[in-house]
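Notes for the one structure printed next.
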Amino acid sequence: MTAVQESARVLANDRLGRDTYRIRLECPELASRIRPGQFVMVRADRPNDPLLGRPFALYDTVLDGQGAVVGIDIVYLVVGKTTGLLAQSAAGDRIGLWGPLGNGFRPIESAGHIALIAGGIGQTPFLAYARELLGTRGFAGSDPKKRAERVTVYYGVRSAEYAAGVSDFEAAGCTVRLTSNDGTIGVKGFVTDLVASELPADRWIACGPEPMLHAVSDLANRLGIPCDVSLETPMACGLGICFSCVTKIRTPDGWDYKRVCVDGPVFDACNVVW
Amino acid sequence: MVDLSVSLGRLRLPNPILVASGTFGYAREMAGLVDFARLGGIIPKTVTQKPRIGNPPPRTHETAAGMLNAIGLDNDGLEHFCTHHLPYLRTLPAPIIANIAGSDADEFVAMAARVGRESGLAAVELNLSCPNVAHGTDYATDPAVTTRIVRGCRDACPYPIIAKLTPNVTDIRVIARAAADGGADAVSCVNTFVGMAIDWKRRKPILGNITGGLSGPAIKPLALRAVWQVAGLGAVPVVGVGGIATVDDVMEFIVAGATAVQLGTVNFYDPTAATRIVGELESAAGHLGVSRIADVIGSARVQPG
Ligand SMILES: Cc1cc2nc3c(=O)[nH]c(=O)nc-3n(C[C@H](O)[C@H](O)[C@H](O)COP(=O)(O)OP(=O)(O)OC[C@H]3O[C@@H](n4cnc5c(N)ncnc54)[C@H](O)[C@@H]3O)c2cc1C
Ligand SMILES: Cc1cc2nc3c(=O)[nH]c(=O)nc-3n(C[C@H](O)[C@H](O)[C@H](O)COP(=O)(O)O)c2cc1C
Ligand code: FES
Chain A
3 MTAVQESARV
13 LANDRLGRDT
23 YRIRLECPEL
33 ASRIRPGQFV
43 MVRADRPNDP
53 LLGRPFALYD
63 TVLDGQGAVV
73 GIDIVYLVVG
83 KTTGLLAQSA
93 AGDRIGLWGP
103 LGNGFRPIES
113 AGHIALIAGG
123 IGQTPFLAYA
133 RELLGTRGFA
143 GSDPKKRAER
153 VTVYYGVRSA
163 EYAAGVSDFE
173 AAGCTVRLTS
183 NDGTIGVKGF
193 VTDLVASELP
203 ADRWIACGPE
213 PMLHAVSDLA
223 NRLGIPCDVS
233 LETPMACGLG
243 ICFSCVTKIR
253 TPDGWDYKRV
263 CVDGPVFDAC
273 NVVW
Chain B
1008 MVDLSVSLGR
1018 LRLPNPILVA
1028 SGTFGYAREM
1038 AGLVDFARLG
1048 GIIPKTVTQK
1058 PRIGNPPPRT
1068 HETAAGMLNA
1078 IGLDNDGLEH
1088 FCTHHLPYLR
1098 TLPAPIIANI
1108 AGSDADEFVA
1118 MAARVGRESG
1128 LAAVELNLSC
1138 PNVAHGTDYA
1148 TDPAVTTRIV
1158 RGCRDACPYP
1168 IIAKLTPNVT
1178 DIRVIARAAA
1188 DGGADAVSCV
1198 NTFVGMAIDW
1208 KRRKPILGNI
1218 TGGLSGPAIK
1228 PLALRAVWQV
1238 AGLGAVPVVG
1248 VGGIATVDDV
1258 MEFIVAGATA
1268 VQLGTVNFYD
1278 PTAATRIVGE
1288 LESAAGHLGV
1298 SRIADVIGSA
1308 RVQPG
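In structure tokens form, the structure reads like this:
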């Protein structure tokens, strides 16, 4: 669906974990068009610094009392200028927004067990997808429908204080398997190690830092498990007009640079040249 | 009703607001989000004779009120442009100005001849100035070569010719005059300013290409100066480009001497800016008490003594 540009009103901005917040934005047009795995560009309400928008995944849509779609939630980790400004915003503030952008997750009609594998802040696109798969929410005008028997979220964090949204995933009906680098929550170690030891599910979808995605796709490719990855490539426009967000994607005669914002952010792991 | 139409040599535009090459993709990316019918014109991304893979990432880096880019003319080549992008572009309700870059004078002329055989264009812009390809600035820094390329393209192609100039020269007036001598219908001032960014902690340049072109609000005063200087020659109509993001910016360029303007980087961070500004132009012109926007072009006065 085509994108819209909206000036969104902040409805809430709540802390979910260390340096991690969930911002609720009123943007009915955009919210009624977006589906899981797509993203939006967010621009702080500042004249020229930061100048460019920043990409953020759809965490979930927001419904009003009558069930009408009125907005979206974004969950973000504070790492720099825009996320720093977002953390200071309060209900009533306005934020520039355009989307929906990107291809979104593969629409699945019927599947058995799906594993969603997240590292760092990579869990954010998976809540909406889990709800779509388990049939608890419809997106972009489609009705909720159960599309997968079971969804397990493998989620790796640095330490317990960064784990954000775990209760949302549980409430959505997912099994959550946590890992932490320091052992303060879940299994100590990397999420990729837990996935490798459990080898779950019929299909994997991964999102997180590039080294983690690389490891997950190597494992999936080796085992012949279908796997998609959602890339977090830095972007300047999100619209496909600047050609800055390119990544190497396999073609019949080698590779070509593809724009992650329009050809992705979700790619079949077999096609990414790491 | 204010008449917003403007003329640049043989090119007539419904209004002076164009979107700049390399900052609007091939337009289809913006379908639905931007109402093309309101634009004065669309300049798709530069096309080269042969496909180019472009530069390795990172290709852009945000800077204070601006950005550096080194895309490296990533494109699928002229034939693909003519068979894949043009059939779509020519259906759009806005003037389409193809932007081409040759690797030498002969290639420029051959490319101009090739696009000249295609229907549905309003003009051709010659990218004499991309700073991100090896030797890319050579043409537009040499007045004799500039004249030769512009004249060759003008002779080979029936469409109005716009020469897009680099600001990375000692005196842009010399190059603008050379383009005028070659028969350019207009000159676009300016392309990006060469700059760079360094990650001191890793002790290395940030961009994959090491250097890149600076654009955005940061360069507006520099572009405005270039437009003022070139318009002052009175030799050729000027299209102002550089950091334009608001209707006030547009009016500053027009009053400084630009007949039309191009919006570039702003498309990235405020994608509906161009159409919004077109809507705001009438009242801006009304503020100056004119009924034709063309009447205020170059009307800035310098206080005597
Ligand atoms: C499709 C997509 C979806 C995303 N979804 C989310 C999300 O849901 N939640 C979330 O918190 N983040 C998400 N991100 C990452 C988010 O866009 C960046 O964290 C954000 O741009 C940082 O902006 P900033 O202005 O705060 O930081 P800046 O001031 O721009 O940068 C701070 C530091 O982070 C580095 N940096 C900036 N962007 C990135 C990046 N994308 N990858 C690696 N390093 C980077 C910079 O080089 C710099 O060192 C997503 C990215 C993409 C491409
Ligand atoms: C990412 C990016 C890509 C660009 N690509 C091209 C290009 O392909 N051809 C061209 O003539 N100019 C290109 N430009 C230059 C712009 O058209 C414009 O001249 C310049 O950015 C200054 O205007 P601005 O400050 O409004 O962006 C590019 C600029 C940017 C930022
Ligand atoms: S971010 Fe501009 S093309 Fe992808």
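As you go down the protein sequences, you meet chains A and B in turn.
This note's numbering puts the first sequence at residues 3 to 276.
This note's numbering puts the second sequence at residues 1008 to 1312.
No residue lacks a Cβ here, since even glycine has one placed at the ideal position from N, Cα and C.
Only a predicted model underlies this, so the values are computations on that prediction, with no experimental measurement involved.
Any non-hydrogen atom of ligand 1 closer than 8 Å to residue i Cβ
i        : result
A/Ala70  : no
A/Pro236 : yes
A/Val12  : no
A/Ile251 : no
A/Glu163 : no
A/Gly73  : no
Buried versus exposed call for residue i [16 or more other C-beta atoms within 10 Å across all chains shown]
i         : result
B/Asn1134 : buried
B/Val996  : In the structure displayed, chain B extends from 1008 to 1312; residue 996 of chain B sits before or after that span and is not available.
A/Glu8    : buried
B/Asn1022 : buried
B/Gln1178 : Note that residue 1178 of chain B is Asp in the sequence shown, not Gln. By the 10 Å Cβ count, B/Asp1178 comes out exposed.
B/Ile1205 : exposed
A/Thr126  : buried
A/Val81   : exposed
Nearest to residue i (by Cα), restricted to the options the options
i         : options                                    : result
B/Lys1227 : A/Glu163, A/Val153, A/Ala59, A/Asn50       : A/Asn50
A/Glu163  : A/Lys147, A/Thr177, A/Ala142, A/Gly188     : A/Gly188
B/Thr1173 : B/Leu1221, B/Asp1188, B/Ala1163            : B/Leu1221
B/Gly1219 : B/Gly1250, B/Met1008, B/Asn1076, B/Thr1177 : B/Asn1076
A/Val44   : A/Leu241, A/Phe245, A/Cys272               : A/Leu241
B/Gly1029 : B/Asp1113, B/Gly1061, B/Pro1021            : B/Gly1061
B/Val1245 : B/Leu1231, B/Val1254, B/Phe1275, B/Asp1256 : B/Leu1231
B/Met1203 : B/Arg1066, B/Gly1032, B/Arg1059, B/Glu1125 : B/Arg1066
A/Val1    : A/Val71, A/Leu88, A/Gly67, A/Gln68         : In the structure as shown, chain A starts at 3 and stops at 276, and residue 1 of chain A therefore has no counterpart that could be examined.
B/Ala1233 : B/Phe1260, B/Glu1287, B/Val1026, B/Asn1216 : B/Phe1260
A/Leu2    : A/Arg56, A/Tyr157, A/Leu201                : Since the first residue shown for chain A is 3 and the last is 276, residue 2 of chain A is missing from the structure and cannot be characterised.
B/Ile1078 : A/Ile74, A/Asp95, A/Asn15, A/Ile243        : A/Ile243
B/Arg1059 : B/Thr1098, B/Ser1110, B/Arg1019            : B/Ser1110
B/Ala1265 : B/Arg1184, B/Val1009, B/Ser1014            : B/Ser1014
B/Val1257 : B/Val1243, B/Tyr1276, B/Ser1290            : B/Ser1290
A/Asp75   : A/Ile36, A/Phe107, A/Ser112, A/Gly86       : A/Ile36
A/Cys263  : A/Leu18, A/Leu135, A/Asn105, A/Gly137      : A/Asn105
Ligand 3 heavy atom lying under 8 Å from the CB of residue i
i         : result
B/Leu1295 : no
B/Leu1099 : no
A/Val262  : yes
B/Ile1304 : no
A/Gly242  : yes
B/Cys1089 : no
Min CB distance residue i to chain A below 9 Å
i         : result
B/Asp1206 : no
B/Ala1141 : Unreliable positioning characterises B/Ala1141 in this predicted model, as indicated by a pLDDT of 47, which lies under 50. A coordinate reading is not provided.
B/Glu1069 : yes
B/Ile1107 : no
B/Phe1200 : no
B/Phe1260 : no
B/Phe1275 : yes
B/Ala1072 : yes
B/Leu1025 : no
B/Thr1148 : no
B/Asp1081 : yes
Residues that DSSP places opposite residue i in a beta bridge
i         : result
A/Cys272  : Partner(s): none; A/Cys272 has no beta bridge.
A/Ser182  : A/Val159, A/Lys190
B/Ile1179 : According to DSSP, B/Ile1179 bridges with nothing at all.
A/Gln90   : BP columns for A/Gln90 are empty, so no partner.
B/Asn1106 : B/Glu1132
A/Lys260  : A/Thr249
C-beta neighbour in chain B for residue i, strict 9 Å
i        : result
A/Val248 : yes
A/Leu54  : yes
A/Trp277 : The first residue shown for chain A is 3 and the last is 276, placing residue 277 of chain A beyond what the model contains.
A/Arg45  : yes
A/Cys229 : no
A/Phe58  : no
A/Phe245 : yes
A/Pro267 : no
Contact test: residue i Cβ vs ligand 2 heavy atom, cutoff 8 Å
i         : result
B/Leu1080 : yes
A/Ser246  : yes
B/Gln1056 : no
The segment 1030 to 1057 of chain B: positions lying closer than 8 Å to chain D by Cβ: Considering every chain present, this structure includes no chain D. Its protein chains are A and B.
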